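Undergrad:
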Amino acid sequence: MAAQPAVVPATRHLSARIRALPAAWLRDNCPCPECRDPRTGQKLFQITDLPRGLAVEEVVEPGPDSPCVEVGWAPDGHRSRFTVGWLDAHRPADSPLTGDRRTETGKELWSAADLAGRLPEAAWDDYLADPARRARVLEALQRLGFALLRGVPVREGQVLAVAETFGHVRQTNYGRLFDVRVEPDPNNLAFTSARITPHTDNPYRDPVPTVQLLHCLENSASGGDSGLVDGFHAAALLRAEDPEAFAVLTGTPVPFVFRDDRTELRADRPLIEVDARGRIREVRFNNRSFGTVRLPAAELDAFYAAYRAFGELLLRPGLQLDFRLAPGDCLVFDNTRLLHARTAFAQDGSRHLQGAYADLDGPASCLAVLRRADSPALLAELFDGAGAAEYLGEEVTMAAHMLQAGALAEAAGAPPHLVAAALLHDVGHFGEHATGAEAGADADADVTEYGDTRHSHTGADFLARWFGPEVTEPVRLHVAAKRYLCTVEPGYREGLSAASEHTLRLQGGPMTDAQAAAFARRPYAADAVAVRRWDEQAKEPGAATPEFGHFLPLLTSLLHG
Ligand code: OGA
Ligand code: ZN
Ligand code: ZN
Numbered sequence: 102m103a104a105q106p107a108v109v110p111a112t113r114h115l116s117a118r119i120r121a122l123p124a125a126w127l128r129d130n131c132p133c134p135e136c137r138d139p140r141t142g143q144k145l146f147q148i149t150d151l152p153r154g155l156a157v158e159e160v161v162e163p164g165p166d167s168p169c170v171e172v173g174w175a176p177d178g179h180r181s182r183f184t185v186g187w188l189d190a191h192r193p194a195d196s197p198l199t200g201d202r203r204t205e206t207g208k209e210l211w212s213a214a215d216l217a218g219r220l221p222e223a224a225w226d227d228y229l230a231d232p233a234r235r236a237r238v239l240e241a242l243q244r245l246g247f248a249l250l251r252g253v254p255v256r257e258g259q260v261l262a263v264a265e266t267f268g269h270v271r272q273t274n275y276g277r278l279f280d281v282r283v284e285p286d287p288n289n290l291a292f293t294s295a296r297i298t299p300h301t302d303n304p305y306r307d308p309v310p311t312v313q314l315l316h317c318l319e320n321s322a323s324g325g326d327s328g329l330v331d332g333f334h335a336a337a338l339l340r341a342e343d344p345e346a347f348a349v350l351t352g353t354p355v356p357f358v359f360r361d362d363r364t365e366l367r368a369d370r371p372l373i374e375v376d377a378r379g380r381i382r383e384v385r386f387n388n389r390s391f392g393t394v395r396l397p398a399a400e401l402d403a404f405y406a407a408y409r410a411f412g413e414l415l416l417r418p419g420l421q422l423d424f425r426l427a428p429g430d431c432l433v434f435d436n437t438r439l440l441h442a443r444t445a446f447a448q449d450g451s452r453h454l455q456g457a458y459a460d461l462d463g464p465a466s467c468l469a470v471l472r473r474a475d476s477p478a479l480l481a482e483l484f485d486g487a488g489a490a491e492y493l494g495e496e497v498t499m500a501a502h503m504l505q506a507g508a509l510a511e512a513a514g515a516p517p518h519l520v521a522a523a524l525l526h527d528v529g530h531f532g533e534h535a536t537g538a539e540a541g542a543d544a545d546a547d548v549t550e551y552g553d554t555r556h557s558h559t560g561a562d563f564l565a566r567w568f569g570p571e572v573t574e575p576v577r578l579h580v581a582a583k584r585y586l587c588t589v590e591p592g593y594r595e596g597l598s599a600a601s602e603h604t605l606r607l608q609g610g611p612m613t614d615a616q617a618a619a620f621a622r623r624p625y626a627a628d629a630v631a632v633r634r635w636d637e638q639a640k641e642p643g644a645a646t647p648e649f650g651h652f653l654p655l656l657t658s659l660l661h662g
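Mind the numbering: the sequence shown is residues 102 to 662 in this note's numbering, read in order.
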């Protein structure tokens, strides 16, 4: 880096920025006590109360006494004050927003190999005692779609206590909880010893339960192993490989039905549901309760071809994560995303699970509240402490490297989430103790499907405590982005530093063409590539950079997605 990057003060040009914003939108967000009740923060006016022809008449820039920009409105003379942090955090964005984190853009999509050695699990006692632990579990449920609690007391009814740590039990016709064991007169194949192929539960219910829990009390039979498949990943693969089938499945409501002597349930929903912007939001798949589709005969052929294609994809080797529940394990998962399965079991022992349903808004709310107590100022200590260490044979310290990367992103005019990702991309190198990494977080040579290495995952998981996937996923993919660039961009590899060339080989070398194509389709791949380029440039000995504190307002503006 030749010179200190020009850092544009965040407060300059605010007037032009304000005037470029859609007036009705800005006014709708006025935080003044006339517009929002100061006690509840709730809005006090209707959209129809706003004058027609709203326009910004005057902008008063922030000054030494006021951190806010003040806007005077025509035609009614109303005045609004906005903090720079609020404006930064709410810039109009053309990239897909993560929003409530329910769609694919708020997730890390996975196949079994991607999770090798990093199952999202926690001991029940730690989960109860340590809020940071609890936040990690809830964040894993949101990002990966599941978490596994170990050492949950082996007691009937305990599954309800687990559900109540993050929300409310959803009672159904099966009761507040249901026993999964061999029944003499089963009303569902779940209550036999038969194999159950990957499915989501209760697709015939409206609304569908969005969280499922399965608590293992006994598992001494041969067989009865568990499996999970990331239905969002499978749906994204179908979209890439067979877009017509994807369109048919997202556009065709399927009747799901359940009947016994006392109950008759029916819901008509597509197998893959997308939101208004076309992003995958829910998956339903359950052969047991799949009803009779009624469509014009010509459309039925296309539907069945697509249904079969998705069914085959869900069974594709490598997608399903296999494991075995032991007594005391409680699996908590997103029933709108993950499919669960079990192998058949013999009657040479007994198998007893207790299940319950709950909803995703509970854990999301718990996580958001837990995050309120946490501040990214803690990161400043890391930059001073562990960050002062030498960086893997480069001529800069880790802290200097990351500050340079953040400054480069900022100088390039990158949006705040990418400045943050660049600034924080190597926090995984700050060490197990600093970042609370799971056991076994050692080698950089821990190669998975895309050659993601441990430090990028450790860093991303650690950052998930504060930031959404728009920050964590470019960090997670920044190592894979190097392997990708070495494949697709002539000359890129030659420009790597000696240390980076060394780790490239440990990380699996350049991607194959097929891996590169798959990488490019991943959400956040382009952002990861951008971070990677700043990463590569940020190894200049002695380059001047801003202090960590310079970035704190930006980080704070990004909190909680
Ligand atoms: C179920 C089910 C899985 C198991 O009851 O819905 O899928 O492991 N059970 O028995
Ligand atoms: Zn089930
Ligand atoms: Zn780096």
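Just so it is clear, CB atoms sit at the ideal spot from N, CA and C, and this is done for glycine as well. Fair warning: this is a prediction, and the values are worked out from it, not measured in the lab.
How is Pro299 classed by DSSP in three states: helix, strand or coil?
TA: For this step, residue 299 is matched to residue 198 along the sequence shown. It is a strand residue.
Undergrad: Name the residue from Val433, Gln455 and Ala407 whose alpha carbon lies nearest to the alpha carbon of Gly276.
TA: Within the sequence shown, numbered from 1, the residue matching residue 276 stands at position 175. Measuring from the Cα of Gly276, the nearest candidate turns out to be Gln455.
Undergrad: Give me the Cα-Cα distance between Ala615 and Glu284, rounded to the nearest whole angstrom.
TA: Taking the sequence shown and counting its residues from 1, the one referred to as residue 615 is at position 514. Taking the sequence shown and counting its residues from 1, the one referred to as residue 284 is at position 183. Their backbone Cα atoms lie some 48 angstroms apart in a straight line.
Undergrad: What residues in its chain sit with their C-beta under 7 angstroms from that of Gly643, if we drop five residues either side in the sequence?
TA: The count along the sequence shown starts at 1 and reaches residue 643 at position 542. Contacts found: none.
Undergrad: When you compare each of Val375, Ala469 and Ala322 to Phe446 by their alpha carbons, which one comes out closest?
TA: Locating residue 446 in the sequence shown gives position 345, counting from the first residue. The residue with the shortest Cα to Cα distance from Phe446 is Ala322.
Undergrad: Could you check if Asp302 belongs to the surroundings of ligand 2, using beta carbon to heavy atom distance under 8 angstroms?
TA: Mapped onto the sequence shown, residue 302 falls at position 201. Yes, Cβ of Asp302 sits closer than 8 angstroms to a heavy atom of ligand 2.
Undergrad: Is the closest heavy atom of ligand 1 to the C-beta of Leu454 under 8 angstroms?
TA: Locating residue 454 in the sequence shown gives position 353, counting from the first residue. Leu454 Cβ: within cutoff of ligand 1.
Undergrad: Is it buried or exposed for Pro110, if we count other Cβ within 10 angstroms and need 16 for buried?
TA: As a first step, residue 110 must be located in the sequence shown, where it is residue number 9. Reliability fails at Pro110, whose pLDDT of 43 lies under 50, so the model's placement of it is uncertain and the value that follows must be treated cautiously. Exposed, since its Cβ has fewer than 16 Cβ neighbours within 10 Å.
Undergrad: Using only the heavy atoms of ligand 4, determine whether one of them is closer than 8 angstroms to the beta carbon of Arg443.
TA: As far as ligands go, the structure on display features ligand 1, ligand 2 and ligand 3 and does not contain ligand 4.
Undergrad: Comparing alpha-carbon positions, which option in Thr273, Arg385 and Ala619 lies nearest Pro354?
TA: Here residue 354 refers to the residue found at position 253 of the sequence shown. Comparing Cα positions, the closest option is Arg385.
Undergrad: Name the residue from Val589, Lys583, Gly529 and Ala582 whose alpha carbon lies nearest to the alpha carbon of Gly560.
TA: In the sequence shown, counting from the first residue as 1, residue 560 sits at position 459. With distances taken between Cα atoms, Gly560 lies closest to Gly529.
Undergrad: Do Arg425 and Asn320 have their beta-carbon atoms positioned less than 9 angstroms apart in this structure?
TA: As a position in the sequence shown, residue 320 is number 219, starting the count at 1. As a position in the sequence shown, residue 425 is number 324, starting the count at 1. The answer is yes: Cβ separation under 9 angstroms.
Undergrad: Of all Cβ atoms in chain B, is any one closer than 9 angstroms to the Cβ of Gly246?
TA: Annotation note: the requested chain B is absent from the structure, which comprises a single protein chain.
Undergrad: Can you tell me whether DSSP reads His556 as helix, strand or coil?
TA: To locate residue 556, count along the sequence shown from 1; it is residue 455. Reduced to three states, the DSSP call for His556 is helix.
Undergrad: With a threshold of 8 angstroms, establish whether the CB of Phe652 neighbours any heavy atom of ligand 1.
TA: In the sequence shown, the residue the question calls residue 652 occupies position 551. No.
Undergrad: Which of the three DSSP states is assigned to Glu550 in this structure?
TA: Reading the sequence shown from its first residue, position 449 is the one you call residue 550. Because the pLDDT of Glu550 is 35, which lies under 50, any placement of that residue in the model is unreliable, and the number read from its coordinates should be weighed accordingly. Three-state result, Glu550: coil.
Undergrad: Starting from the N-terminal end, write out each residue whose C-beta falls within a distance shorter than 6 angstroms of any non-hydrogen atom of ligand 3.
TA: Ordered along the chain, the selected set is His502, His526, Asp527 and Asp636.
Undergrad: Measuring only from the beta carbon, is Ala291 closer than 8 angstroms to any heavy atom that is part of ligand 2?
TA: Within the sequence shown, numbered from 1, the residue matching residue 291 stands at position 190. Yes, ligand 2 has a heavy atom inside 8 angstroms of this Cβ.
Undergrad: Which first and last residues belong to the alpha helix (DSSP H) in which Val263 is found?
TA: To locate residue 263, count along the sequence shown from 1; it is residue 162. That run of the alpha helix (DSSP H) goes Gln259 to Glu265.
Undergrad: Leaving out the 5 sequence neighbours to the left and right, which residues in its chain are closer than 8 angstroms to Pro168 when beta-carbon positions are compared?
TA: Translated into the one-based positions of the sequence shown, residue 168 becomes position 67. Correct list, in chain order: Thr184 and Val185.
Undergrad: Counting pairs of Cβ atoms below 8 angstroms between the stretch 586-601 and the stretch 307-316, do you hit three or more?
TA: Touching, no.
Undergrad: In whole angstroms, what separates the C-alpha of Gly207 from that of Ala335?
TA: Here residue 207 refers to the residue found at position 106 of the sequence shown. Here residue 335 refers to the residue found at position 234 of the sequence shown. Approximately 16 angstroms, taken between the alpha carbons.
Undergrad: Would you list the one or two residues that DSSP bridges to Asp423?
TA: Your numbering for residue 423 matches position 322 in the sequence shown. DSSP lists Gly328 as partners of Asp423.
Undergrad: Can you grab the Cα-Cα spacing for the pair Leu655 / Asp475, in whole Å?
TA: The sequence position of residue 655 within the sequence shown is 554, counting from 1. The sequence position of residue 475 within the sequence shown is 374, counting from 1. Approximately 16 angstroms, taken between the alpha carbons.
Undergrad: Report whether the distance from the Cβ of Ser390 to the nearest heavy atom of ligand 1 is below 8 angstroms.
TA: Walking along the sequence shown from the start, residue 390 turns up at place 289. Result no, Cβ not under 8 angstroms from ligand 1.
Undergrad: Cβ atoms of Leu350 and Tyr408: under 9 angstroms apart, would you say?
TA: In the sequence shown, the residue the question calls residue 408 occupies position 307. In the sequence shown, the residue the question calls residue 350 occupies position 249. For Tyr408 and Leu350, yes; Cβs fall inside 9 angstroms.
Undergrad: Please state if the CB of His441 and the CB of Leu315 are separated by a distance shorter than 9 angstroms.
TA: Residue 315 sits at position 214 when you count from the first residue of the sequence shown. Residue 441 sits at position 340 when you count from the first residue of the sequence shown. Yes, they are a contact pair.
Undergrad: Should Gln421 be counted as a contact of ligand 2 given a C-beta to heavy atom distance under 8 angstroms?
TA: Translated into positions along the sequence shown, residue 421 becomes position 320. No, the beta carbon of Gln421 sits no closer than 8 angstroms to any heavy atom of ligand 2.
Undergrad: Would you check whether ligand 2 has a heavy atom nearer than 8 angstroms to the C-beta of Ile297?
TA: For the purposes of this step, residue 297 is taken as the residue at position 196 of the sequence shown. Yes, the Cβ of Ile297 comes within 8 angstroms of a heavy atom of ligand 2.
Undergrad: Using only alpha-carbon positions, find the residue among Glu602, Arg282 and Asp331 that is nearest to Arg417.
TA: Translated into positions along the sequence shown, residue 417 becomes position 316. The option with the nearest alpha carbon to Arg417 is Asp331.
Undergrad: How is the alpha helix (DSSP H) around Gln638 delimited, first residue to last?
TA: Here residue 638 is taken as the residue at index 537 of the sequence shown, counted from 1. Its alpha helix (DSSP H) spans residues Ala626 to Gln638.
Undergrad: Within 10 angstroms of its Cβ, does Ala546 collect 16 or more other Cβ (buried), or is it exposed?
TA: The count along the sequence shown starts at 1 and reaches residue 546 at position 445. Any reading at Ala546 must be qualified, since the residue scores a pLDDT of 37, below 50, and its modelled position is unreliable; the value itself is stated next. When all chains shown are included, Ala546 counts as exposed.
Undergrad: Could you name the residues of the same chain whose beta carbon sits closer than 7 angstroms to that of Ala490, not counting the 5 residues immediately before and after it, in chain order?
TA: Along the sequence shown, read from residue 1 onward, the residue named residue 490 stands at position 389. If we look at Ala490 and ignore the five residues flanking it on each side, its Cβ neighbours are Thr498 and Met499.
Undergrad: Pull up the distance between the alpha-carbon of Tyr551 and that of Phe649, whole angstroms please.
TA: Residue mapping note: residue 551 aligns to position 450 of the sequence shown, counting from 1. Residue mapping note: residue 649 aligns to position 548 of the sequence shown, counting from 1. Legend: pLDDT at Tyr551 = 37, less than 50; position of this residue unreliable, value from coordinates given subsequently. So the two alpha carbons sit approximately 31 angstroms from each other.
Undergrad: Which of the three DSSP states, helix, strand or coil, is assigned to Leu115?
TA: What you label residue 115 is simply residue 14 of the sequence shown in a count that begins at 1. Three-state DSSP puts Leu115 in a helix.
Undergrad: Just curious, the beta strand (DSSP E) that Pro356 is in, first and last residue?
TA: Taking the sequence shown and counting its residues from 1, the one referred to as residue 356 is at position 255. First-last of the beta strand (DSSP E) with Pro356: Val355 to Arg360.
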